[in-house]
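Peer 1:
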Amino acid sequence: MSGSHTLGRTGEEIAAGHLEKKGYRILHRNWKSGRRELDIVAENDEFVVFVEVKTRSADFILHPRDSVTREKQRLIIYAADFYLRIYNISKESRFDIITLVAKGDEFDIEHVENAFYPTLR
């Protein structure tokens, strides 16, 4: 497994733990539909939350949240729509981004709620 893949998996583990500490229930991790993937699907009392996780080492050039481009958002939105239809979920949904920046053995974590909205244009 490559270093960046290992870093990404570690970031997803930490992000899932962060959500659980905040009272979210993890429904799925790395859920796939064809080529589309949802990093974490979680829920709280109000929302089903689709979370994109971005992890970087401290020497990044582009902030991790900025790597969630409009095209990436569009793919997440399509996958989320399919997910909601497959599981017949009528609860409100939300799109969050969790970024993690590795600083040695520690991570700076940022949870951006409502990071983007489900427009497909």
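Under this note's numbering, residues 362 to 482 are what the sequence shown spells out, in order. No residue lacks a Cβ here, since even glycine has one placed at the ideal position from N, Cα and C.
(1) For Asn-475, collect the residues of the same chain with a Cβ closer than 8 Å to its Cβ; drop the 5 residues on either side in sequence, then sort them by chain order.
(2) With a threshold of 16 other CB atoms inside 10 Å of the CB of Ala-419, please say whether the residue is buried or exposed.
(3) Within the same chain, show all residues whose beta-carbon is closer than 8 Å to that of Ile-387, passing over the 5 residues directly before and after it, in chain order.
(4) Check whether the Cβ atoms of Phe-411 and Ile-437 lie closer than 8 Å to each other.
(5) What span of residues does the beta strand (DSSP E) with Asp-469 cover, start to end?
(6) DSSP puts Leu-399 in a beta bridge; with which residues?
(7) From this set, Ser-428, Arg-426, Lys-383, His-389, which residue's C-alpha is nearest Leu-445's C-alpha?
(8) State the start and end residues of the unbroken beta strand (DSSP E) segment that holds Glu-413.
(9) Enumerate in chain order the residues of its own chain whose CB-to-CB distance from Glu-413 is below 7 Å, with the five nearest sequence positions on each side excluded.
Peer 2: So, to answer that:
(1) Counting only Cβ-Cβ distances below 8 Å, and skipping sequence neighbours, we find Arg-455, Phe-456, Asp-457.
(2) Around the beta carbon of Ala-419, fewer than 16 other beta carbons sit within 10 angstroms, so the residue counts as exposed.
(3) So the qualifying residues of the chain are Ala-377, Leu-380, Glu-381, Ile-401, Val-402, Ala-403.
(4) Contact flag set, yes.
(5) For Asp-469, the enclosing beta strand (DSSP E) stretches over residues 467–477.
(6) For Leu-399, the beta-bridge partners assigned by DSSP are Trp-392.
(7) Here the closest residue by C-alpha is His-389.
(8) Taken as a continuous stretch (DSSP letters only), the beta strand (DSSP E) holding Glu-413 covers 408–418.
(9) Hits under 7 Å: Asp-400, Val-429, Ile-437, Ile-458.
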